[in-house]
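Notes follow the structure.
Written as structure tokens, this is what we have:
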């Protein structure tokens, strides 16, 4: 899933802003070296997934950049978890969930390119069109079943739930912000026309107004 707010605060523009802020601090700017190194990797990661040029060889430089970014985050995780200093709430660098999402984003795209290259000749993958919305929607449905009203779904309930996601979603999600093509699957629409109560009420009033019967006036 793509998050525009996360992209805006971690892209190359934020990196340039942080570099300018470091220069304005003078000697105290060295305190921002860690944040700048972090933004260098995140901005490179975002630039790869914003790129609309297709990847058609496994030796593409963008794939190499992703591997380097993954290695940097792994080293950071090893160093932070191996530190003897007990991190406080303000000094905690990154949550385990966020780290897993980054790893999933990088590893998933690398494995996708590797798998397609072995199965399809003349393959190509556009990084800007990759989105995990259909997969996440599927797991959200299943989590809703488990943690929702029914904590013990039957096989039939699970099947209907999974089919609703499979039929209603496609590899190009129309709810994503990647500009992908909307899904070809359309919702079922019945052909029964419902009577509009407002229009019918107006029609009855107009029919009564056109009537030629005289009005009866009752005196009190």
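Residue numbers (full-length UniProt numbering): 1 to 220.
Using N, Cα and C, we set each Cβ at its ideal position, and we do this for glycine too.
Only a predicted model underlies this, so the values are computations on that prediction, with no experimental measurement involved.
Across the set 64, 117, 101, the C-alpha of 101 shows the shortest separation from the C-alpha of residue 3. Within its own chain, the residues whose Cβ lies closer than 8 angstroms to the Cβ of residue 19, once the five positions on either side in sequence are excluded, are 36, listed in chain order. Contact between the stretch 110–119 and the stretch 57–64 is present: three or more C-beta pairs spanning the two stretches fall below 8 angstroms.
Comparing C-alpha distances from residue 122 to each of 40, 11, 106, 54 shows the shortest one belongs to 54. Under the DSSP definition of a beta bridge, residue 126 lacks any partner.
Take residue 113, set aside five residues on each side of it, and the residues of its chain with a beta-carbon closer than 7 angstroms to its own are 55, 58, 63, 125, in chain order.
Listed in chain order, the alpha helix (DSSP H) elements of length 4 or more contained wholly in the stretch 90–121 are 96–119. Of the residues 97, 129, 77, 107, the one whose Cα lies closest to the Cα of residue 65 is 107. DSSP places residue 3 outside any alpha helix (DSSP H), giving it a letter other than H or E.
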